[in-house]
Structures are given as structure tokens and as C-alpha cells.
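Engineer: For the sequence shown, this note's numbering assigns the number 13 to the initial residue and increments by one for each residue that follows.
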Amino acid sequence: MTRPILVTGFEPFGGERINPSAEVVRALHGRTIDRMHVVGVVLPCLFGRSIDVLRAAIARHAPQLVLALGQASGRSGFSPERVAINLDDARIPDNAGAQPVDRPIVPRGAAARFTTLPVKAMVAALRAAGYPAEVSHSAGTFVCNHVFYGLQHALRRRRAVRSGFMHLCCLPEQAAPGTPSLPLASMIDGASIALATALAVRRDLQVSGGQLD
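(1) Going by the beta-carbon positions, is the gap between S175 and L163 smaller than 9 Å?
(2) DSSP has G176 in a bridge; who is on the other side?
(3) How about P32 and C182: are their beta carbons less than 9 Å apart?
(4) Straight-line CA distance for G109 to L81?
(5) For the alpha helix (DSSP H) that T209 lies in, which residues bound it at each end?
(6) Could you tell me whether the region 198–208 touches the region 52–63, where touching means 3 or more Cβ pairs closer than 8 Å?
(7) Under a three-way DSSP split, which group does L55 fall into?
(8) Using the Cβ count rule (16 or more neighbours within 10 Å means buried), how would you classify A133?
(9) For I45, count neighbouring Cβ atoms within 10 angstroms of its own Cβ and tell me buried if that reaches 16, exposed if not.
(10) Expressed to the nearest angstrom, what Euclidean distance is found between the alpha-carbon atoms of A124 and S62?
(11) So, does the region 126–146 touch the region 69–76, judging by three or more C-beta pairs under 8 Å?
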């Protein structure tokens, strides 16, 4: 049996009633992308527990590719993340009230872990489809980065399983006036494009994706 794609999102946090990453995951669960079955899992927005649930899902489904999704207010569209850092430094509490400050995610772990997905090719494919997208070099220091680092750390010796993280912008019903947003249908389509690209492209594009600040 072909190993599936695992896609994860988060439950709402910070007083929100909805999280676009969870809605995208629920929509993609059970679909096929390039004949590959998609398994969707919604993670708790909790330090520690989120990684436990993620690792359990990886053990259960033995995926060939993992893409974790999260919400980032203020982003203009799709932001495939390039690197996770080994640091929890929460500006707000998680959904259980935990607010770690200057704490490593994995004690004595590597300072940073990079995605193994073709983030520049993913951005190019999203832009070609008409969606705003850019490579991001910081996933923050909240639960999104926590899960991204935990994912890359868990799969560090399993090179056959490629993995990474992508942030989504807000839904229109969440966004303040003037804040970038995308409708759910566009987010589902964009996530599907990103996944199809990640499946098809083994070597990333050799184009600039850097930033000046």
C-alpha cells in the first residue's frame, strides 16, 4: 500500500473561534493528491502535547510526506517555512495557559532544523496559480515553531520522509480591516498545490528566496 501524506493543522488559539489550518486539514482529509491518500490531523495548540500527538500520527500512518500548517495573522498569503529554531518564547499563553520563556524545545538539540520540502518550488507554483506566497525564514517562537522543530527533529534520521511547515494567512471573517486574508476555498486549493509540488519536486529551485530584513 502506498504510504499517505500527513497534513496537520491547529485548533483555534488566542481567543479565536476558528483556525484556517484546521479547516484546511479537515477539508483535505480523505482526498487524494496525485493518487496519494491524504490523512489530516488537527493538533492541540499546546506546548509539548502538540508534538506528542504529531509523533503518534507519524507512527500510526507511516507517511511519505508531512506538511504541518498553522495560522499567522498579518501574513499576506502562503508562507512555506525554511527553518525552525530550538526555542520556545511565548508572547501569549497556549490553550492550557502555558507560557514558556527562553526554553529549548529539545534540550541539547540542534539550534535549528531545516525543512526538507522544496519551499521555493512551492512558492513558484502557488504564484503561478495566482496566489500570494513567499518563503519565510522565521516560524516565530510559539506553538507553530514548536511543532515545526519537533517534526524535523523526529524525522532527522528518516530521510525518506520529507517534511516541513507552511503558514496560512487569516480567513476574511477573522481579518481586521486592511489585513490580508484569503477565503477557505483558496486556502484548500493552495495547500493542495503546495502538496502536489512537494511530491513532484525533489530538488528545490536555485533561485533567490532571501530577504533584506
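C-beta atoms are modelled at their ideal positions from N, C-alpha and C, and glycine is treated no differently.
Structural biologist: If we stick to the structure as given:
(1) yes
(2) Residue pairing of G176 in beta bridges, as defined by DSSP: L79.
(3) yes
(4) 22 Å
(5) L196 to A212
(6) Fewer than three beta-carbon pairs drawn from the region 198–208 and the region 52–63 are found closer than 8 Å, and the two stretches are therefore not classed as touching.
(7) Three-state DSSP puts L55 in a strand.
(8) Counting Cβ neighbours within 10 Å, A133 comes out buried, since at least 16 surround it.
(9) buried
(10) 19 Å
(11) By the Cβ rule, the region 126–146 does not count as touching the region 69–76, because fewer than three pairs are nearer than 8 Å.
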